[in-house]
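Below you'll find the structure, written out as structure tokens, and then a few comments.
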Amino acid sequence: MIKVAVSGICGRMGQMLVRALAAAKDMELCAALGHGGSAGVGKDAGAPSGIATGVSVSDDPQELCKADVVIDFSRPEGTLAILPECVRLKKPVLIGTTGFDAAGKKAIEEASRSIPVILAPNTSVGVNAVFRLVAEAARLLPDTDVEIVEMHHRNKVDAPSGTALEMGRCIARARGQDFDEVAILSREGHTGPRKNGTIGFAALRGGDVVGIHKVIFAGTGERVEISHHSTTREGYADGALVGARFLVNQAAGLYSMADVLGIPR
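Under the numbering used here, read the sequence shown as residues 111 to 375, first letter to last.
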């Protein structure tokens, strides 16, 4: 039985992981971390979902010592708070949190020299298939204009989404571009004509939308669109468990969901 610690247990994804672990025959929840003064600390980890897990929510990272693998869906500050403890305890960690700045990404890379780490902008198997599809489309349609549109619920704090940014990176790599040089993350005012080779982004927020991503390849006289719609977070949780199973058998290093799923890059 694989013992799993979940960081960010009180959030939407944390509770979806509680349900996924309750249904898994080879995994069990052994530790649950809340962050930022979470009201769930001291309560059963499954209370918001009406599930009795027997595991109490804690804000003490030393709880990770009970786990074989850690799954983190918190916020960047929460991830970076537990990362040193994961390294100290030699615990593999899957990071599904997004919105890291350059310093945060560097800290994750440094941790991966000591422990196995998956950094996953999105753990859904379907989304990771789309990453491959948009890369192939970028290779086949090198001269088209690319626009990426994403929409999430009103409470999402980062924009564009980590998934949308990863789609852009897949396209840039396929075209031999430096993503940071060609990404147009927002537009406002008199922007002038569209510059060839750029990748545009639009981020929409509202309601309880789980996740919508659309990549548009706009050429002359035709347009190709590749999209993914998430109606629940179940696919993210199931993919995270697949990633956790993969991690427990890996050497130290920085992995992606493409490595987990055997998707060529």
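Every residue, glycine too, gets a C-beta built ideally from N, C-alpha and C.
Residues in its own chain within less than 6 Å of GLU276 by CB, not counting five upstream and five downstream? PRO231
Per-residue DSSP class, three states only, for MET137: strand
When DSSP labels each residue in this structure, what does ASP255 get in the three-state scheme? strand
Can you list, in chain order, the residues of its chain whose CB lies under 7 Å from that of ARG54, leaving out five sequence neighbours each side? Given that the chain is displayed from residue 111 to residue 375, the structure contains no residue 54 and the question cannot be resolved.
Test item: CB-CB of GLY156 and GLN125 under 9 Å: Yes.
Does the separation of the CB atoms of GLY206 and HIS145 fall below 9 Å? no
Within its chain, find whatever has a CB closer than 6 Å to the CB of SER148; leave out the 5 residues flanking it on each side and keep chain order. CYS120
List the whole-angstrom C-beta distance separating ARG315 from ASP255, where the pair is believed to meet the contact cut-off of C-beta under 8 Å. With 8 Å as the limit, ARG315 and ASP255 do not qualify as a contact, their Cβ atoms being about 24 Å apart.
Suppose the cutoff is 8 Å on Cβ atoms and the five residues either side in sequence are ignored; what does the same chain contact list for GLY214 look like? PRO186, THR189 and LEU190
By alpha-carbon positions, which one of LEU371, PHE289 and ILE225 ends up nearest to ARG198? ILE225
Straight-line gap, ASP154 to LEU127 (C-alpha atoms, nearest Å): 14 Å
Report the option in ALA282, ALA313 and VAL370 whose CA atom is closest to the CA atom of VAL267. ALA313
For ALA162, I'd like the list of residues in its chain whose CB is within less than 8 Å of its CB, leaving aside the five on either flank, ordered along the chain. ASP154 and GLY156
For the beta strand (DSSP E) containing ARG333, name the first residue and the last one. 333-340
Once the 5 residues before and after ARG223 are set aside, which same chain residues still bring their CB inside 7 Å of it? ALA362
Are PHE311 and VAL237 close, meaning C-beta to C-beta below 9 Å? Contact flag unset, no.
Start and end residues, beta strand (DSSP E) containing LEU364: 363-365
Given this structure, state the Cα-to-Cα distance separating ASP182 from LEU295, to the nearest angstrom. 26 Å
GLU173: buried (16+ other C-beta within 10 angstroms of its C-beta) or exposed? buried
Quick one: is GLY372 buried, meaning 16 or more other Cβ sit within 10 Å of its Cβ, or exposed? exposed
Extent of the continuous alpha helix (DSSP H) run through ASP348: First-last of the alpha helix (DSSP H) with ASP348: 344-357.
Identified DSSP bridge partners for ALA313: GLU260
Residues near CYS388 in its chain [Cβ-Cβ closer than 6 Å; skip 5 each side]: The structure shown does not extend to residue 388, since the chain is modelled only from 111 through 375, so no value can be given for it.
Using only alpha-carbon positions, find the residue among SER337, GLN360 and LEU229 that is nearest to GLY349. LEU229
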